[in-house]
Amino acid sequence: MESESMLRYRLKIGHICGMMFTFSFAYSVGSYSYGEYGHEAFWSIFRPKNHFKNHTLKSLCDTNTSSEEYRNEQIVQSMVSRWSTYMSLAQGLPLIISSGLFCSLSDSMGRKPFVLVSLIGIFLKTFFMTVAVNLNWNIYSFLAFVFIDGCCGTWVIQLAMSMAMVSDLTTAEGKSRSFLITVVGFFISLGYASGSFASGFIVERLGYGWSLGISSIVIMVPMFLLCFMEETLSENKKVNLNCDLKSHFKNLVQFYVEDDPINPESSKWKYILCLSVFVCILLPRLGAFSVELYYVMDSPFCFNPLKIGIFQTINRLVSEFLILFGIKIMQYKLDDAAIAFVGTFTSAISFVVIGSASSIGILFAGTAVGVLGMCAIPMIRAILSKMTPAHKQGTMYAGIAIVETICGCVGSVTGSSIYAATVDVYRGIVFYVFSVFLLLASGLLILLMVSRRRQRTGYQQLQGTCSVVT
Numbered sequence: 000m001e002s003e004s005m006l007r008y009r010l011k012i013g014h015i016c017g018m019m020f021t022f023s024f025a026y027s028v029g030s031y032s033y034g035e036y037g038h039e040a041f042w043s044i045f046r047p048k049n050h051f052k053n054h055t056l057k058s059l060c061d062t063n064t065s066s067e068e069y070r071n072e073q074i075v076q077s078m079v080s081r082w083s084t085y086m087s088l089a090q091g092l093p094l095i096i097s098s099g100l101f102c103s104l105s106d107s108m109g110r111k112p113f114v115l116v117s118l119i120g121i122f123l124k125t126f127f128m129t130v131a132v133n134l135n136w137n138i139y140s141f142l143a144f145v146f147i148d149g150c151c152g153t154w155v156i157q158l159a160m161s162m163a164m165v166s167d168l169t170t171a172e173g174k175s176r177s178f179l180i181t182v183v184g185f186f187i188s189l190g191y192a193s194g195s196f197a198s199g200f201i202v203e204r205l206g207y208g209w210s211l212g213i214s215s216i217v218i219m220v221p222m223f224l225l226c227f228m229e230e231t232l233s234e235n236k237k238v239n240l241n242c243d244l245k246s247h248f249k250n251l252v253q254f255y256v257e258d259d260p261i262n263p264e265s266s267k268w269k270y271i272l273c274l275s276v277f278v279c280i281l282l283p284r285l286g287a288f289s290v291e292l293y294y295v296m297d298s299p300f301c302f303n304p305l306k307i308g309i310f311q312t313i314n315r316l317v318s319e320f321l322i323l324f325g326i327k328i329m330q331y332k333l334d335d336a337a338i339a340f341v342g343t344f345t346s347a348i349s350f351v352v353i354g355s356a357s358s359i360g361i362l363f364a365g366t367a368v369g370v371l372g373m374c375a376i377p378m379i380r381a382i383l384s385k386m387t388p389a390h391k392q393g394t395m396y397a398g399i400a401i402v403e404t405i406c407g408c409v410g411s412v413t414g415s416s417i418y419a420a421t422v423d424v425y426r427g428i429v430f431y432v433f434s435v436f437l438l439l440a441s442g443l444l445i446l447l448m449v450s451r452r453r454q455r456t457g458y459q460q461l462q463g464t465c466s467v468v469t
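Note that numbering that gives the first Met the number 0 has the sequence shown beginning at 0, numbered continuously upward.
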């Protein structure tokens with residue numbers, strides 16, 4: 000009986016990993032494709048007689064800073080950054096509502112229905128984009144497609160539900176939950192890296208229309224896998240369905256305004272501090288993602304879609320493999336907060352180096368410094384999850400999903416706006432600004448570690464301090 004139970008457990012974890020890999024692959028192919036397509040669409044304003052043919056192997060920038068081509072590229076960079084800002088708002092504003100609502104309801108209705116809803120939204124987005132590219136619709140029509148995606152929960156719901164599923168299948172004791180959250184994150188990043196690599200070749204050989212079309216087809220694979228997966232939330236852990244929005248909001252914020260009388264290790268100050276760290280890490284991470292594509296497409300790097308795919312693939316694969324094995328090794332000596340500190344502080348250094356990069360070599364060096372940067376995210380998720388009762392995991396992840404959505408929206412808008420305003424002055428300023436947030440997060444993580452050390456050495460914990468649960 001025990002072996003059969005273990006087999007079912009492993010099958011569920013395998014299902015989650017397989018679904019998240021195929022989802023992130025499809026999402027990555029679509030994201031890179033429409034981002035690069037938008038860049039070329041705005042370039043066509045300056046080349047009306049030589050309109051792009053739906054795909055290209057050439058870079059559209061010039062390293063000669065005194066040429067007209069270079070000046071036009073700075074204008075295009077500014078225009079596409081503003082378009083990216085509108086895209087982020089169109090997706091992010093409805094996502095603030097859908098992410099919080101869906102995650103909270105998943106504690107009553109289960110995780111699977113909302114995974115399906117978000118997959119349908121992503122399918123509709125990429126399908127309509129495929130039609131728009133092939134029929135040469137206005138580039139601003141893409142705003143409607145990402146709005147649909149945002150209403151359905153998009154990647155935020157996928158990520159939140161996958162983490163909630165892992166929490167359903169594990170216990171808060173020990174470090175297995177932290178590691179499994181990292182494993183699922185590894186498969187997400189592996190799929191994303193594979194998608195970024197594949198998108199470059201697909202665009203080169205077949206064009207943007209085919210690339211987006213393939214994305215919409217592949218997104219049906221996790222839908223198929225979902226049909227054969229058991230619901231991870233057991234009936235005895237489900238809470239009664241409550242349609243009172245006021246009650247939902249109260250449940251979302253209760254972690255941050257009330258101490259848990261049942262769990263003495265959990266406190267509102269710990270939740271607030273962990274969430275503050277999460278915001279300070281996620282804001283620059285998602286903000287940088289909104290501009291890094293256009294950053295490497297501009298002078299002096301002048302990456303084409305194929306080079307972008309190769310660069311992003313190498314970056315993500317090396318990073319995720321090192322994070323996966325690095326966390327397992329570091330867990331022998333370090334707690335979750337200390338591991339998060341290592342990743343966050345190296346990320347801050349990485350952003351400074353990337354912002355200062357004047358050659359491809361320095362760009363790669365800056366990327367190498369920050370390979371462990373994303374290990375902080377699963378560690379903070381694990382800390383929060385361990386403090387939360389089993390029947391409130393979905394509600395806790397709903398709060399995280401809302402914060403993720405706001406960070407994604409604010410970060411993207413901030414990053415795109417700063418980049419658009421400074422691209423003709425100094426393009427690396429946006430990375431310098433975001434590095435400040437990472438340094439702030441590093442300081443907050445030090446507070447967590449100091450608090451834990453005081454608790455271990457027998458100091459009485461004062462009201463308002465925080466400790467880390469491992």
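Every residue, glycine too, gets a C-beta built ideally from N, C-alpha and C. Since the structure is predicted, the reported quantities are computational estimates derived from the model, not experimental observations.
At a Cβ threshold of 8 Å, is residue i touching chain D?
| i | result |
| --- | --- |
| Leu444 | No chain D is part of this structure, which consists of one protein chain only. |
Measuring only the C-alpha atoms, how far is residue i from residue j?
| i | j | result |
| --- | --- | --- |
| Val183 | Phe324 | 13 Å |
| Leu447 | Ala336 | 7 Å |
| Phe248 | Val449 | 32 Å |
| Val165 | Ser105 | 14 Å |
| Val116 | Gly152 | 7 Å |
| Met19 | Val429 | 30 Å |
| Ser358 | Phe310 | 14 Å |
| Phe363 | Gly398 | 35 Å |
| Phe254 | Ile95 | 19 Å |
| Ser355 | Ile361 | 8 Å |
| Gly149 | Leu118 | 11 Å |
| Met373 | Ile271 | 21 Å |
| Ser177 | Ile382 | 8 Å |
| Ile156 | Arg70 | 41 Å |
| Thr345 | Ile338 | 11 Å |
| Thr387 | Trp136 | 47 Å |
| Val238 | Thr404 | 25 Å |
| Ile12 | Val276 | 28 Å |
| Gly99 | Phe113 | 12 Å |
| Phe436 | Asp258 | 28 Å |
Between residue i and residue j, how many whole angstroms is the CB-CB distance? I'm expecting something under 8 Å.
| i | j | result |
| --- | --- | --- |
| Ser87 | Val412 | 6 Å |
| Cys470 | Tyr396 | Coverage of the chain is limited to positions 0 through 469, which leaves residue 470 absent and any answer about it impossible. |
| Ser43 | Val422 | Their Cβ separation, rounded to whole angstroms, is 19 Å, which puts Ser43 and Val422 out of contact at 8 Å. |
| Leu168 | Thr231 | 6 Å |
| Met162 | Arg380 | 6 Å |
| Thr343 | Leu179 | In fact, because the Cβ distance is near 22 Å, the residues do not count as touching under 8 Å. |
| Ile218 | Ala25 | 4 Å |
| Val256 | Lys269 | No, Val256 and Lys269 are not in contact; Cβ-Cβ is about 13 Å, not under 8 Å. |
| Ala419 | Ser80 | 4 Å |
| Ser289 | Gly414 | 5 Å |
Which same chain residues end up closer than 6 Å to residue i when comparing Cβ atoms and leaving out the 5 residues on each side of it in sequence?
| i | result |
| --- | --- |
| Thr21 | Val220, Pro221 |
| Pro304 | Glu35, Gly199, Val202 |
| Ser434 | Ala347, Phe350, Val351 |
| Leu274 | none |
| Ser32 | Ser198, Tyr207, Ser210, Leu211 |
| Pro377 | Ile180, Thr181, Gly184 |
| Ser23 | Ile187, Gly190, Tyr191 |
Can you name, in chain order, every residue of its own chain whose Cβ lies under 8 Å from the Cβ of residue i, other than the five neighbours on each side?
| i | result |
| --- | --- |
| Trp82 | Gly37, Phe41, Ile138, Tyr139 |
| Leu321 | Val370, Leu371 |
| Cys16 | Val182, Val183, Phe186 |
| Thr312 | Ala192, Ser193, Ser195, Phe196 |
| Phe146 | Ala89, Gln90, Pro93 |
| Phe141 | Tyr33, Gly37, Met86, Met128, Ala131 |
| Ser533 | In the structure displayed, the chain extends from 0 to 469; residue 533 sits before or after that span and is not available. |
| Arg110 | Met160, Ala163, Met164, Asp167, Glu230, Thr231, Leu232, Gly393 |
Which residues in the same chain have their Cβ closer than 7 Å to the Cβ of residue i, if we skip the five residues on either side of it in sequence?
| i | result |
| --- | --- |
| Leu285 | Cys406, Gly407, Gly410, Ser411 |
| Ala389 | Lys236 |
| Asp297 | Cys60, Glu72, Gln76, Arg426 |
| Ser215 | Phe122, Thr125, Phe126, Thr129 |
| Ser416 | Thr84 |
| Ile213 | Val28, Ile201 |
| Thr545 | With the chain covering only 0 through 469, there is no way to say anything about residue 545. |
| Tyr8 | Leu168 |
| Tyr294 | Arg426 |
With a threshold of 7 Å, establish whether the CB of residue i neighbours any heavy atom of the ligand MN.
| i | result |
| --- | --- |
| Gln330 | No copy of the ligand MN occurs in the structure displayed, which carries no ligand at all. |
With a threshold of 8 Å, are at least 3 pairs of Cβ atoms found where one atom belongs to the region 271-291 and the other to the region 425-443? yes
So does the region 203-219 actually touch the region 27-41, counting three or more Cβ pairs closer than 8 Å? yes
Report yes or no: do three or more beta-carbon pairs, one from the region 306-321 and one from the region 189-206, lie closer than 8 Å? yes
Any beta strand (DSSP E) of 3 or more consecutive residues that is wholly inside the region 163-199: none
Contact between the region 366-384 and the region 333-353: three or more CB pairs below 8 Å? yes
Do the region 326-342 and the region 218-238 meet, that is, are 3 or more Cβ pairs less than 8 Å apart? Touching, no.
What runs of the alpha helix (DSSP H), each 4 residues or longer, lie entirely inside the region 376-435? 392-421
Identify every run of the alpha helix (DSSP H) within the region 335-364, keeping only runs that are complete inside it and at least 4 residues long; order them along the chain. Segments of the alpha helix (DSSP H) lying fully in the region 335-364: 335-355.
What are the uninterrupted segments assigned as beta strand (DSSP E) that are 3 or more residues long and contained completely in the region 105-173, given in chain order? none
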